[in-house]
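Everything in the sequence shown is counted per our numbering, starting at 151 for the first residue and increasing by one. Read the structure below first, then the notes.
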Amino acid sequence: MQIAPNESAPPTNEALALDVANTPIPLDEGIMPIIQHVWNYKLFNVNETTITVSQLVIALLVLVFGVLLAKVIARRVGQRILPKLKVESGPAAAIQTILYYILVTIAVVMSLQIAGVPLTIFTIFGGALALGIGFGSQNLIANFISGLLVMLERPVRLGDLISIGGDTGVVRKIGARSTHIHGYDGATFIVPNSTLLENTITNWNLPDRAVRSRVAVGVAYGSDTSKVREILEQAINEHERVIRNMDNRVLFREFADSSLAFEIHFWTHPRSSLDKNSIESDMRFAIDALCREHDITIAFPQLDVHLDAVAPIDIRMHPTRQD
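Structure below.
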């Protein structure tokens, strides 16, 4: 009687993992068999492919390391390489963001391959997954695309003083999903990027960072208007924050009810909305001091009452009665 040789195919990795998982652990041989058993333990099957603990752990480590490496590479490219190539900050930020997500996608694909998850599985669930993402991530995708457009078109830039929805502040960060605006009271407004493109905003720093301020001044009737103009021009010229070569001017607005209404326009480079308010406040202090120095009266609301009577009105003063 002859024994036929074993011509069966060599065991696959999935079979070995299954055998190891089903093999009793010899507790008297030390800790290594236990570690090996856990390391090769079969968790589940994906499309007839066995996923073990070792594959999952290595895949997660590759994913975490890949995401961290993607962030470092994108930051180095955005902060060191692109400035040397004289790429402007807006396009550079867009390139940095796109590069980051490309590298993260590569890390995800590599981790799936290491885990043994076949990419063909996404063709099975692709339709349902795309439909779910379409409904659940519509705003997220819109904000992401809007963020890229903001970085490329640069309707707002880092450091710009803008007003949107009644709020005014300085742009501190333009991210992939939202833009951070620092208000004058210390609060930070987080505005979705799609809002910046879909709504009207006021950018006080376009085309450059110079901002025009307006300060209204009312003087009493009878004041020397030529002297008032000289005082207001002096206040503008003596302020250290005013840009000298800009269109700074003094305007005689109107003959108001209780004053001769003037308005001054001057240009500065405010660092924030609070700084702009401080500059305008300093200008009012300077105008008040100059008006006092030259005996110009700052007007205030007044009301004159005229009584028309046929006969003279008899007015008598009586002392107040004290109890």
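Here a beta-carbon is modelled for each residue, glycine too, at the ideal position from N, C-alpha and C.
- Put simply, the region 345 to 353 does not touch the region 383 to 393. Fewer than three CB pairs are less than 8 Å apart.
- For G216, the uninterrupted alpha helix (DSSP H) segment begins and ends at 203 to 226.
- Membership of S328 in any alpha helix (DSSP H) is not indicated; the residue belongs instead to the beta strand (DSSP E) covering 328 to 333.
- Burial state of K426 is buried, judged by a 10 Å Cβ sphere holding 16 or more other Cβ atoms.
- L253 places its beta carbon 8 Å or farther from that of A209.
- Secondary structure note for L401: its beta strand (DSSP E) is the uninterrupted segment 399 to 405.
- Runs of the alpha helix (DSSP H) spanning 4 or more residues and lying entirely within the region 394 to 456 occur at 423 to 443, in chain order.
- DSSP places A385 inside the alpha helix (DSSP H), whose first and last residues are 375 to 388.
- Boundaries for L235: no alpha helix (DSSP H) harbours it, and the DSSP string shows neither H nor E there.
- Each of S239, I463, W417 was checked against the Cα of V300, and the nearest Cα belongs to S239.
- The region 362 to 382 and the region 320 to 328 do not touch, with fewer than three beta-carbon pairs separated by less than 8 Å.
- In terms of CA proximity to V203, I264 leads the group M396, A459, I264, Q452.
- When DSSP states are grouped into helix, strand and coil, L356 belongs to the coil group.
- Put simply, the region 377 to 385 touches the region 406 to 417. At least three CB pairs are less than 8 Å apart.
- Judged by DSSP in its simplified three-state form, T200 adopts strand.
- Taking all protein chains in view, the Cβ of P420 is crowded by 16 or more other Cβ atoms within 10 Å, so the residue is classified as buried.
- Beta-bridge partners of V306 (DSSP): none assigned.
- V320 places its beta carbon 8 Å or farther from that of V306.
- Under the DSSP definition of a beta bridge, V367 partners with F412.
- Taking all protein chains in view, the Cβ of Q246 is crowded by 16 or more other Cβ atoms within 10 Å, so the residue is classified as buried.
- Beyond the five residues adjoining it in sequence on each side, L213 comes within less than 7 Å, by CB distance, of A257, V258, S261 in the same chain, given in chain order.
- Secondary structure of G336 (DSSP, three-state): coil.
- In terms of Cα proximity to L249, the closest of L424, G266, R226 is R226.
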